Amino acid sequence: MNISTILLLGGTILALGCSFYKDKKRTEESMKMAWGLFLKTAGEIIGILALIGLFLTLVPQSSIKVLLGGPSSLLSGLYGALIGTITILPAFVAFPLAGSLVQKGAHLIAVAAFLTTLTMVGLVTMPIEIEHFGKKFAIVRNVASFLAALLIAGGMVIFL
Amino acid sequence: MKAKKNRLIILVGIAYLATSIYDPKLSLEALKVTGSYLREMLEVMPAIFVLSSLITIWVHREVIIRNFGGNSGLRGKLASLLLGSVSAGPIYAAFPLTLSLLKKGASIGNIVIMISSWAVIKVPMLFVEAKFLGIKFAVSRYLLTVPCILLMGVLCDKLLTREEVLEATKDEEDNLKTRILEALPGYNCGTCGFRDCNECAKAIALGEATREVCKPGGEDVGQKIESLMNASYK
Chain R
13 MNISTILLLG
23 GTILALGCSF
33 YKDKKRTEES
43 MKMAWGLFLK
53 TAGEIIGILA
63 LIGLFLTLVP
73 QSSIKVLLGG
83 PSSLLSGLYG
93 ALIGTITILP
103 AFVAFPLAGS
113 LVQKGAHLIA
123 VAAFLTTLTM
133 VGLVTMPIEI
143 EHFGKKFAIV
153 RNVASFLAAL
163 LIAGGMVIFL
Chain S
183 MKAKKNRLII
193 LVGIAYLATS
203 IYDPKLSLEA
213 LKVTGSYLRE
223 MLEVMPAIFV
233 LSSLITIWVH
243 REVIIRNFGG
253 NSGLRGKLAS
263 LLLGSVSAGP
273 IYAAFPLTLS
283 LLKKGASIGN
293 IVIMISSWAV
303 IKVPMLFVEA
313 KFLGIKFAVS
323 RYLLTVPCIL
333 LMGVLCDKLL
343 TREEVLEATK
353 DEEDNLKTRI
363 LEALPGYNCG
373 TCGFRDCNEC
383 AKAIALGEAT
393 REVCKPGGED
403 VGQKIESLMN
413 ASYK
């Protein structure tokens, strides 16, 4: 468990304690609401996570390596952004993978684009986003994130 | 909505079945990967749901509008950035919490900033990134990402209005509002602080007012609304 998870859990428990101390009934009400939120989203989240698990097993990491190490930095940057868009990887897998990519000669731009879209753009989690905010919001936010990722990757040229 | 959800589960089930016929080992491997994701989800989601509900019930609308609303300016943007970056969990954990803030009056741009920084800007992650890719790479990526996220917030504020996003999320609540309105006594007395019963019902359905807000209705109406709210979650 990392520090922000501990912070979240601690904060929630504290907030819940305060709420309970101040007003039992409203606390009970909010617990019911929380349970409702859980019922509303849990099925979808579990389904999507299972889908990602299957996808990652069927499409091995080696195919990601092939695409990101291409000869053109521009093209591999775009590939990086696209691969990051369609995949979800936990950070403890993504960073070592990115590190080994760089060692194998992948372009830093491609790796930066990959890491940024990986976290900010979520094609697979879009159904969950649509469920909460509607189609237009989800599309606008994801497209904007994708463009931002390209911008970030392009900007890396200045620094590196 | 329900049928859609079941469709996803069925689809995933078929995909797994097909994979196990092709190669049982592969589907076991996939289940293991899924298991690690589920653990990540279970670590944060219960707290996220509880926190979202506590915000809905306790935090005053004015507080959210002042800090994260359309007129909160640069301070609001930075506060959103900070809130997102200290939060835990994958990007989908950001959705319930930010939605409850949107309903309470936060601006679209600030919501987008929160979701993006939730996903990308994590101080512990910065250290992991620096370890594998070098400190120069990690720091420059972060330095470029922060302004980009703020820019995205401004852009999304221009492209989307609060009304249309809330509209897209409300169809379920709209039905709920109608049923709550029927349960209210209909005096339009304004004791609750809303203009009439219709406004009051809308606020209850959105979670902006508690279910005992109707004083003339008393315990009886409160209980009716309570059972309506509970039914709507299922």
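Taken in order, these protein sequences are the chains called R and S.
Oh and the first sequence: position 27 is 39 in the working numbering, straight run, nothing missing.
Oh and the second sequence: position 200 is 382 in the working numbering, straight run, nothing missing.
Backbone N, C-alpha and C define an ideal beta-carbon position, used for all residues, glycine too.
Predicted model only: the values in this text are computed from it and were never measured.
Practice task
Could you check the C-alpha separation between residue 198 (chain S) and residue 61 (chain R) for me, to the nearest Å?
Solution key: Cα to Cα, residue 198 (chain S) sits roughly 13 Å from residue 61 (chain R).
Handout entry: Whether residue 55 (chain R) touches residue 191 (chain S) by CB criterion (8 Å)
Key = In this structure, residue 55 (chain R) places its C-beta atom within 8 Å of the C-beta atom of residue 191 (chain S).
Practice task
Ignore the nearest five residues each way along the sequence and tell me which others in residue 404 (chain S)'s own chain have a CB closer than 6 Å to its CB.
Solution key: Around residue 404 (chain S): 393, 394.
Practice task
Note the first and the last residue of the continuous alpha helix (DSSP H) segment covering residue 144 (chain R).
Solution key: Counting along the chain, the alpha helix (DSSP H) containing residue 144 (chain R) begins and ends at 138 to 145.
Handout entry: Neighbour flag for residue 406 (chain S) against chain R, beta carbons, 8 Å
Key = Not closer than 8 Å to any Cβ of chain R, the Cβ of residue 406 (chain S) fails to qualify, so no.
Practice task
Determine whether the Cβ of residue 114 (chain R) lies closer than 8 Å to any Cβ atom of chain S.
Solution key: Judged by the 8 Å Cβ criterion, residue 114 (chain R) is in contact with chain S.
Exercise for the section: Kindly indicate which three-state DSSP category residue 271 (chain S) falls into: helix, strand or coil? Expected result: DSSP places residue 271 (chain S) in coil when its eight states are reduced to three.
Practice task
Check the Cβ of residue 63 (chain R) against every Cβ in chain S and list those closer than 9 Å, keeping chain order.
Solution key: In chain order: 190, 193, 194, 197, 216.
Practice task
State whether the segment 38 to 48 of chain R contacts the segment 227 to 236 of chain S, with contact taken as three or more CB pairs (one from each stretch) at a distance under 8 Å.
Solution key: The segment 227 to 236 of chain S and the segment 38 to 48 of chain R touch, with three or more beta-carbon pairs separated by less than 8 Å.
Exercise for the section: Measuring alpha carbon to alpha carbon, tell me which of S:372, S:385, S:215, S:259 ends up nearest residue 105 (chain R). Expected result: Checked all of S:372, S:385, S:215, S:259; the closest Cα to residue 105 (chain R) is S:215.
Practice task
Kindly indicate the opening and closing residues of the alpha helix (DSSP H) around residue 367 (chain S).
Solution key: Segment: none, residue 367 (chain S) is in no alpha helix (DSSP H) and carries neither H nor E.
Handout entry: Residue nearest to residue 263 (chain S) in terms of C-alpha spacing, selected from S:379, S:327, S:313, S:285
Key = When only C-alpha atoms are compared, the closest one is S:327.
Handout entry: Test: residue 140 (chain R) CB closer than 8 Å to a CB of chain S
Key = Taking Cβ atoms only, chain S reaches closer than 8 Å to residue 140 (chain R), which makes this a yes.
Practice task
Check residue 38 (chain R) in the structure and name its three-state DSSP category.
Solution key: Note: residue 38 (chain R) maps to helix in three-state DSSP.
Problem - Cβ-based burial, residue 29 (chain R) [other Cβ within 10 Å; buried from 16] - result: With fewer than 16 other Cβ atoms within 10 Å, it is exposed.
Practice task
Tell me whether residue 250 (chain S) is buried or exposed, calling it buried when 16 or more other Cβ atoms sit within 10 Å of its Cβ.
Solution key: Classification of residue 250 (chain S): buried, given that the 10 Å Cβ count is 16 or more.
Exercise for the section: Taking residue 94 (chain R) and residue 110 (chain R) to be in contact with their CB atoms under 8 Å, please state how far apart those CB atoms are, rounded to whole angstroms. Expected result: Incorrect: roughly 16 Å between the Cβ atoms, too far for contact.
Handout entry: Span separating the alpha-carbon of residue 184 (chain S) from that of residue 361 (chain S)
Key = At residue 184 (chain S), the pLDDT of 49 sits below 50, so the modelled position is not reliable; the number obtained from the coordinates is stated separately. Distance from the CA of residue 184 (chain S) to the CA of residue 361 (chain S), rounded to the nearest whole angstrom, comes to 20 Å.
Handout entry: Closest residue to residue 336 (chain S) among S:222, S:193, S:298 (Cα-Cα distance)
Key = Just measuring C-alpha positions, the residue of S:222, S:193, S:298 sitting nearest residue 336 (chain S) is S:298.
Handout entry: Cβ neighbour criterion (16 or more within 10 Å) applied to residue 257 (chain S)
Key = Using a 10 angstroms sphere on the CB of residue 257 (chain S), the tally of other CB atoms stays under 16, which defines it as exposed.
Handout entry: Which of helix, strand or coil DSSP assigns to residue 309 (chain S)
Key = DSSP places residue 309 (chain S) in helix when its eight states are reduced to three.
Handout entry: Stretch pair the segment 29 to 38 of chain R + the segment 215 to 228 of chain S: three plus CB contacts closer than 8 Å
Key = Touching, no.
Exercise for the section: Measure the alpha-carbon distance for residue 63 (chain R) versus residue 300 (chain S) and round it to whole angstroms. Expected result: Those two C-alpha atoms are separated by around 23 Å.
Handout entry: Pair within 8 Å by beta-carbon distance, residue 318 (chain S) and residue 107 (chain R)
Key = No, the Cβ-Cβ distance between residue 318 (chain S) and residue 107 (chain R) is not below 8 Å.
Handout entry: Rounded C-alpha distance that separates residue 244 (chain S) from residue 282 (chain S)
Key = Here the C-alpha atom of residue 244 (chain S) lies approximately 14 Å from the C-alpha atom of residue 282 (chain S).
Exercise for the section: Look at residue 338 (chain S) and residue 290 (chain S) and say whether their C-beta atoms are less than 8 Å apart. Expected result: Contact: yes.
Exercise for the section: Report the rounded CA-to-CA distance for residue 162 (chain R) versus residue 411 (chain S), giving the unit in angstroms. Expected result: So the two alpha carbons sit approximately 44 Å from each other.
Handout entry: Buried or exposed by the 16-neighbour rule on C-beta atoms within 10 Å, applied to residue 349 (chain S)
Key = Burial call: exposed.
Handout entry: Residue-level contact to chain S via CB, residue 144 (chain R), 8 Å cutoff
Key = Yes - at least one Cβ of chain S is within 8 Å of the one on residue 144 (chain R).
Exercise for the section: Return the CA-CA distance between residue 285 (chain S) and residue 97 (chain R), expressed in angstroms with no decimal places. Expected result: Cα-Cα distance, rounded: 28 Å.
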